[in-house]
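Read through the structure below, which is laid out as structure tokens, and then see the notes.
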Amino acid sequence: MLTRLWWRNRPLRTRLSILLIVLFNGLMTVTSVVTFSVLRSSLHQGLDHRLTTTTAGMATAGSVGIRIPGKNSAEYGWVRFGGDLYIALLSGDERPHGPGPRYPDPAPQAGRPVTVPANGQDRSVRYRLVTTRLTDGRTAVAAVDTAATDAAVGRAVQVVVAVQLLADVVLAVLGLLVVRRSLRPLEQAARTADRVAAGDFAPRLVDAHIAPRTEVGRLAGALNRMLDQIHAALTARDESEERLRQFVADASHELRTPLQSIRGYGELYQRGALPDTRAVDEAVDRMLAEVHRMTRLVESLLMLARFDEDDPADLEPVDLSRVVAESCRDAAAVEPARLWTVTVSPDVTVRGDEGQLRGAVANLLANVRMHTPPGTACAVELSVAEEHAVLRVADEGPGVPADALPHVFDRFYRAEKSRSRARGGSGLGLSIVAAVADLHGGTVRVESPPGRGTLVEVVLPVL
1152 MLTRLWWRNR
1162 PLRTRLSILL
1172 IVLFNGLMTV
1182 TSVVTFSVLR
1192 SSLHQGLDHR
1202 LTTTTAGMAT
1212 AGSVGIRIPG
1222 KNSAEYGWVR
1232 FGGDLYIALL
1242 SGDERPHGPG
1252 PRYPDPAPQA
1262 GRPVTVPANG
1272 QDRSVRYRLV
1282 TTRLTDGRTA
1292 VAAVDTAATD
1302 AAVGRAVQVV
1312 VAVQLLADVV
1322 LAVLGLLVVR
1332 RSLRPLEQAA
1342 RTADRVAAGD
1352 FAPRLVDAHI
1362 APRTEVGRLA
1372 GALNRMLDQI
1382 HAALTARDES
1392 EERLRQFVAD
1402 ASHELRTPLQ
1412 SIRGYGELYQ
1422 RGALPDTRAV
1432 DEAVDRMLAE
1442 VHRMTRLVES
1452 LLMLARFDED
1462 DPADLEPVDL
1472 SRVVAESCRD
1482 AAAVEPARLW
1492 TVTVSPDVTV
1502 RGDEGQLRGA
1512 VANLLANVRM
1522 HTPPGTACAV
1532 ELSVAEEHAV
1542 LRVADEGPGV
1552 PADALPHVFD
1562 RFYRAEKSRS
1572 RARGGSGLGL
1582 SIVAAVADLH
1592 GGTVRVESPP
1602 GRGTLVEVVL
1612 PVL
């Protein structure tokens, strides 16, 4: 349990290095065992070939034998040749005695080499032994000392063990360096994740050594994309909250003035400060005017709020040509003295909400009435270009200041801060136009070259 807990608490690079060394040693051990087994077998085959050649020569010699008398004339012993070769010639069930190999019991099968220990106390010495039958019925025995072959195998084992230990050291150092280098992006990702958890979304995984198609490279790319999305989402949230706070403040400011006016006239009436019926009627008219202005403001706010809830799938085909033409006639009826130039292409149909589109066109024309002198010319054009309906409303008024152009679609924004609300409106007209265009999958833009009036262009996809 403690070992498992210790292993789980080790860094990944440490575990990988240990596993690499363990696998290397396991592979080397298996390879060494197989190699040494093959080497020992090969050396023994050489000894066996020598023994079979010797016994075959004795069999060919026929009665050639060796008998060494000892204390008992029936005792047979080993005769040593060349330092490591032992030969004995046996009759019947006799067994060779004396220094040398220990003759096995039962007797080995003729021609089949076996490994036997030495006679006496030193059982560490081994011999390869072969027997053969002679033509006269005797048994020729040949044995050879395996000390030389065992020493060769032992030296090979020592060399391999030494090399393996050296390889372990080299592998540990190089493996740790390679693993550390390979896992560096993961460590960087962990540090980046810690910084993100602490609230810092600025860092990114950037390493020239990370191949984008590797697992680590794909992880780094995915983490960077995730951080980009989180950062964008948080930025959008902050911007939305800031817009909401500004929206609430602006709406409160817009509603406060008419409410204060209504309250003021009401208090004057309660205190009897209105001297006659005419003064009371004027106060009531002013109160109703403020109520109407608040009503229009609230309706505009509700319209903007509904745009966030509307489903584009509920839109229906709308004859935009008819909507624009009727809205221009209504504007001309309100200001007959203004020069209106209307050019409407027939049969321009879009998918949308007719009420919202009509309100957007009305806001564009009302924007012209509010911000230009009464006699200023206005041109309205509806055309089709590249499968899009293009509505242009251009006037020849004073235009929009350059510093105000980026903010004309902001809610409650006024280019002229000193302009009265009664004359300049609530600052929601172009905001409503932009919201309607966005809901219908279109765009809106404003151009106002210095001294050349203002152009508002709305582009909507046609059916």
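In our numbering, the protein residues as written are 1152 to 1614.
Glycine included, C-beta positions come from ideal geometry on N, C-alpha and C.
All values derive from a computational prediction rather than experimental measurement.
Reduced DSSP category for residue i - H, G, I as helix; E, B as strand; rest coil
i     : result
Y1254 : coil
A1291 : strand
G1372 : helix
V1551 : coil
T1527 : coil
H1539 : strand
D1199 : helix
G1221 : Its pLDDT being 41, under 50, G1221 is placed unreliably in this model, and the value from its coordinates should be taken loosely. DSSP places G1221 in coil when its eight states are reduced to three.
R1166 : helix
R1591 : According to the sequence shown, residue 1591 is His rather than Arg. It is coil, neither helix nor strand.
E1366 : helix
R1596 : strand
E1467 : strand
T1494 : strand
T1286 : coil
R1572 : Residue confidence is low: R1572 scores 43 on pLDDT, short of 50, so the model does not pin down where it sits. No coordinate-derived value is stated.
S1110 : This structure cannot settle anything about residue 1110, because the visible part of the chain is limited to 1152 through 1614.
A1545 : strand
R1231 : strand
R1631 : The structure shown does not extend to residue 1631, since the chain is modelled only from 1152 to 1614, so the question has no answer here.
R1191 : helix
V1215 : A caution first: V1215 carries a pLDDT of 45, below 50, which makes its placement in the model unreliable, though a value can still be read off. V1215: coil per DSSP, three-state reduction.
Separation of residue j from residue i, as counted between CA atoms
i     : j     : result
R1617 : L1190 : Nothing in the structure corresponds to residue 1617, since the chain is present only between 1152 and 1614.
V1431 : L1439 : 12 angstroms
S1242 : T1290 : 6 angstroms
E1390 : A1353 : 17 angstroms
D1546 : A1384 : 39 angstroms
A1482 : G1417 : 35 angstroms
T1594 : L1453 : 22 angstroms
S1571 : R1437 : Bear in mind that a pLDDT of 42 at S1571, under 50, signals an unreliable position, so the model cannot answer this.
G1216 : L1240 : For G1216, the pLDDT reaches just 44, beneath the cut-off of 50, and the residue's location in the model is therefore unreliable, although a value from the coordinates is still provided. Their backbone Cα atoms lie some 5 angstroms apart in a straight line.
S1275 : V1367 : 57 angstroms
A1258 : V1265 : 10 angstroms
A1298 : T1205 : 19 angstroms
R1279 : V1181 : 26 angstroms
T1446 : S1412 : 15 angstroms
T1386 : V1559 : 22 angstroms
G1221 : V1310 : Residue placement at G1221 is poorly supported in this model, since its pLDDT is 41, which falls under 50; the coordinates still yield a value, given next. Roughly 46 angstroms separates the two Cα atoms.
A1424 : N1518 : 38 angstroms
E1537 : R1543 : 16 angstroms
P1132 : L1167 : Residue 1132 lies beyond the stretch modelled for the chain, which goes from 1152 to 1614, so this question has no answer here.
D1287 : D1244 : 15 angstroms
V1324 : A1318 : 10 angstroms
E1302 : G1326 : First, the amino acid is wrong: residue 1302 is Ala here, not Glu. In a straight line, the C-alpha of A1302 is about 35 angstroms away from that of G1326.
S1551 : P1601 : It should be noted that the sequence gives Val, not Ser, for residue 1551. Going from the Cα of V1551 to the Cα of P1601 covers about 8 angstroms.
is_contact[residue i, chain D] using C-beta, thresh 7 angstroms
i     : result
P1557 : Absent from the structure: chain D. Only one protein chain is present.
Proximity of residue i and residue j at Cβ, strictly below 7 angstroms
i     : j     : result
A1540 : V1495 : no
L1202 : V1267 : no
Y1237 : R1246 : no
A1466 : D1498 : Inspection of the sequence shows that residue 1466 is occupied by Leu rather than by Ala. Contact flag unset, no.
P1528 : L1490 : It is Ala, not Pro, that sits at residue 1528 in the sequence shown. Cβ atoms of A1528 and L1490: closer than 7 angstroms.
H1248 : G1228 : yes
R1520 : E1486 : yes
Y1340 : L1378 : A small correction: the amino acid at residue 1340 is Ala; Tyr does not occupy that position in the sequence shown. Not a contact, by the Cβ cut-off of 7 angstroms.
L1328 : F1175 : no
A1588 : V1609 : yes
V1549 : A1488 : According to the sequence as given, residue 1549 is Pro; it is not Val. Not a contact, by the Cβ cut-off of 7 angstroms.
V1493 : C1479 : yes
F1187 : V1304 : yes
G1604 : N1514 : no
Which listed residue (the options) has its alpha carbon closest to that of residue i
i     : options                       : result
L1198 : G1249, P1255, V1295 and P1409 : V1295
L1606 : A1530, R1396 and I1381        : A1530
A1210 : M1179, T1283 and H1200        : T1283
A1207 : A1348, A1293, V1320 and S1193 : A1293
L1316 : I1172, V1185 and L1516        : I1172
D1554 : A1513, L1515, V1587 and S1599 : S1599
G1372 : L1337, A1585, R1603 and G1604 : L1337
V1475 : L1419, A1434 and L1533        : L1533
V1330 : L1370, L1170 and V1308        : L1170
L1285 : A1269, G1262 and T1300        : G1262
D1561 : R1394, A1511 and E1433        : R1394
V1584 : L1516, G1288, L1167 and A1402 : L1516
L1611 : H1443, T1343, V1512 and R1603 : V1512
R1414 : V1399, S1403 and V1442        : V1442
(request) Please go through the segment 1324-1361 and give each complete alpha helix (DSSP H) segment of 4 or more residues, from N-terminal end onward. (result) The alpha helix (DSSP H) runs lying completely inside the segment 1324-1361 and spanning 4 residues or more are 1335-1348, given in chain order.
(request) At 4 residues or longer, and completely inside the segment 1375-1459: list those alpha helix (DSSP H) runs for me, N to C. (result) Listed in chain order, the complete alpha helix (DSSP H) runs (minimum 4 residues) inside the segment 1375-1459 are 1428-1458.
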